[in-house]
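These notes are about the structure you will find just below.
In this note's numbering, the protein residues as written are 3 to 196.
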């Protein structure tokens with residue numbers, strides 16, 4: 003597992019400041035959430051009532067196996083084995099839940115640390131990562147039409163020769179813009195205008 007101090011690790015941070023930052027910013031947040039298996043709890047494209055919920059597992063009780071039981075000794079051998087097996091499974095599930103809970107809190111903090119200062123007011127009353135992502139999407143995600151228009155403009159600007167620009171920079175921009183255009187299936191790169 004790579005850490006921030008690992009020299010082979012490159013840490014990329016995109017600050018969400020304007021609609022044109024949205025897709026790269028969300029990609030990095032999604033990648034971060036998926037590393038901790040959290041995306042199903044925070045995906046802003048899913049309605050709140052359809053979202054998976056991270057629930058703390060319920061600890062098995064001796065009374066679940068025998069009414070009035072207060073110790074393992076008061077259970078039959080079969081019930082004792084069932085209880086031990088269920089308790090072991092509970093501990094495993096609890097460890098997973100605890101790890102995901104901490105990761106969710108860290109992810110919540112990561113969201114606020116990567117939003118431009120002028121947009122932090124949007125998050126003040128939002129306590130969960132899902133609420134924050136949905137709010138940011140509503141305010142800062144470009145509409146598909148806007149994104150298409152911006153990409154067509156960038157693509158058209160790249161049609162001119164790279165005068166005064168470094169060729170490597172122009173080529174890197176060309177690859178980036180054409181890949182985004184292909185992702186949206188714009189005619190400029192996939193249709194008859196390609």
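Positions of the beta carbon are idealized from the N, C-alpha and C atoms, including for glycine.
| Check | Outcome |
| --- | --- |
| State the start and end residues of the unbroken alpha helix (DSSP H) segment that holds residue 184. | 169-185 |
| Using the three-state DSSP reduction, which class does residue 56 fall into: helix, strand or coil? | coil |
| Would you list the residues sitting across from residue 117 in a DSSP beta bridge? | 18 |
| Between the region 162-173 and the region 60-69, can you find at least three pairs of beta-carbon atoms closer than 8 angstroms? | no |
| Is the CB-CB distance between residue 56 and residue 43 below 8 angstroms? | yes |
| Taking contact to mean at least 3 C-beta pairs separated by less than 8 angstroms, is the region 101-118 in contact with the region 28-37? | yes |
| Once the 5 residues before and after residue 18 are set aside, which same chain residues still bring their CB inside 8 angstroms of it? | 24, 27, 116, 117, 118, 121, 138 and 142 |
| With three or more beta-carbon pairs closer than 8 angstroms as the criterion, would you say the region 44-64 touches the region 146-156? | no |
| Compare the beta carbon distance of residue 46 and residue 136 with 8 angstroms and say whether it is the shorter of the two. | yes |
| What does the Cβ neighbour count give for residue 131, buried or exposed, with the cut at 16 atoms within 10 Å? | buried |
| So, are the CB atoms of residue 184 and residue 175 less than 8 angstroms apart? | no |
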